[in-house]
Structures are given as structure tokens and as C-alpha cells.
Amino acid sequence: MFWSKPCSLALPRDSPMRVEEPDYQGIKRFFSQTLCCFYSKQSRSIRGANVVYQRIISQVDKPPIYEAFNLEKTFKTTYSLLILHMWLCLRRLKQEGNEGVEFGQYLYEIYNHDVELRVSKAGVNLLLAKWMKDLEKIFYGNIVAYDTALLPEAKPVDFSNVIWRNIFSDDGSSTPDAAASKSVHAMARYARREVSCMTLTDKEALYSGNFMFTSLKKGIRSGAESE
1 MFWSKPCSLA LPRDSPMRVE EPDYQGIKRF FSQTLCCFYS KQSRSIRGAN
51 VVYQRIISQV DKPPIYEAFN LEKTFKTTYS LLILHMWLCL RRLKQEGNEG
101 VEFGQYLYEI YNHDVELRVS KAGVNLLLAK WMKDLEKIFY GNIVAYDTAL
151 LPEAKPVDFS NVIWRNIFSD DGSSTPDAAA SKSVHAMARY ARREVSCMTL
201 TDKEALYSGN FMFTSLKKGI RSGAESE
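Numbering (UniProt numbering), first residue to last: 1 to 227.
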């Protein structure tokens, strides 16, 4: 798996997984528009960003991704995978110029609120602000590392090395053994393919959240072990 040709991640029009904007009519539409600004660009963007974030956590919080890449589900691995998928979305949004960057800011704010809740749920009540600041540094450090590893002048192995340091390695400095190396390279193929798939995903699907990351439920372990 992950060797197949990239394709759009947009959901078909008849997919039950699609989320459609409510089409209020008459007086209900009038009040929604005039009193609540329901159909304003900002309101639409916020709703769309919420759906996009639900797509991200659906991929990150469920067992298949941990089973596929032989990862233990810990706060560290979940947070690292969350950053990876945020990066996939933010990278694609940047291709839409200032409008995409603005949408990405709404997405980041939703992500940041979710991370704060996750940290609190993990039992961190004291020094929460310090934790959030440290996690913010990790977020931006990972984003820069992923972008740098995909620059034209980067070596083919650079992206796999970043995946290892950011997601698999406990200390960021050790090297993977043979078993771990297979999982690392499989995830690097997955992430590279998702980058291409996101580029092929149209603007409407992107802004409405009507896309799904590649399914990890079928044939994934054999794909991870076939390298």
C-alpha cells in the first residue's frame, strides 16, 4: 500500500459521509443571515474548519493508524500524528493563497483548543500555560521540518528521517532498527502520497471538509511490511 497513484480525497456527491451546509429558507434564512450572520464568509469558514478538524482527529484517534505503523497509542504519538495531519491540511491550504492562509488560522485555533483539552484530560492542571507553549514550539518545529524535507534540494531520505524523529523516536536522536525502519518508511510513503492527494483535492471539498484521508483499515499491515 501507499505505492498506488495519488488521487483526490474529495468525497463523492452521494457519499453518506458528506457534511452539507443547511439551506434555510424564508424567515428562518432571514434571521440566520441578518441576526446570526450564519451565511457570512467567516461563519462558513469556521464551520468548514470544524469539519476539517473532525476529519483529522478521525484519522488520528482511531486504532487503524497505530496498528498500521506499529505505534503505541500515547499522548506523544497521538500529538505527533495530529501535527502531521495538520501539516497536510495547512500545506494544501497555502496553495489557495491568502484565503487559504486565513482558513488555516481558523483551523489552527480549533486545533489549539482541542490540544488544551487533551492536555487537561491527561491530568496536567498545573503549569498548563507552560505545557501549551512547549507544545506550540514542537508544532512549529515539526511543520518547518516537514516542509524542509520536501524541498527540491532535500535528499530522498530526509523525509523518512524527519518522520522517525518526530513520531517514532523517543529521544529524537537514536536510529531505527530493521523492524522500526519498515514502519517509518511506510509512514513516509503514506504522508508523501497524502501530500499529492491533497493537492488533487478541489477547493470546494477542502473548505467544506468534504474529504477523507486514505483509509488505513484494509491491507495496511502487509503494505507496511512489504518494503
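Glycine included, C-beta positions come from ideal geometry on N, C-alpha and C.
Keep in mind it's a predicted model, so treat the numbers as computed, not measured.
| query | result |
| --- | --- |
| A149 - DSSP class collapsed to helix/strand/coil | helix |
| Sequence-distant residues of its chain with Cβ nearer than 7 Å to V184 (five each side left out) | S160, I163, W164, F168 and P176 |
| Inside the segment 65-96 only - alpha helix (DSSP H) runs reaching at least 4 residues | 75-94 |
| Proximity test, L107 beta-carbon vs the ligand MN heavy atom, cut-off 7 Å | Among the ligands in the structure shown, none appear at all, so the ligand MN cannot be discussed. |
| Cβ-based burial, Q59 [other Cβ within 10 Å; buried from 16] | buried |
| Integer-rounded CB distance, given that M198 should sit under 8 Å from L9 | 7 Å |
| Distance between G123 and G219 (C-alpha atoms, nearest Å) | Only weak support exists for where G219 lies, its pLDDT of 41 falling under 50; the value from the coordinates is given anyway. So the two alpha carbons sit approximately 36 Å from each other. |
| Euclidean distance between Cα positions of D202 and P12 | 12 Å |
| Inter-residue CB distance, L127 and S120 (contact presumed, cutoff 8 Å) | Incorrect: roughly 12 Å between the Cβ atoms, too far for contact. |
| Other residues of its chain near D158: CB distance less than 6 Å, five sequence neighbours each side excluded | A149 |
| Under 8 Å between C-beta atoms of P6 and L200 | yes |
| Rounded C-alpha distance that separates T77 from M212 | 21 Å |
| Endpoints, the alpha helix (DSSP H) within which G48 is located | K41 to D61 |
| Residues sharing a beta bridge with F168, DSSP | Note: F168 sits in no beta bridge, so no partner. |
| Test item: CB-CB of N142 and N112 under 8 Å | no |
| Rounded C-alpha distance that separates Q95 from S80 | 23 Å |
| Sheet register partners of F211 (DSSP bridge) | A10 |
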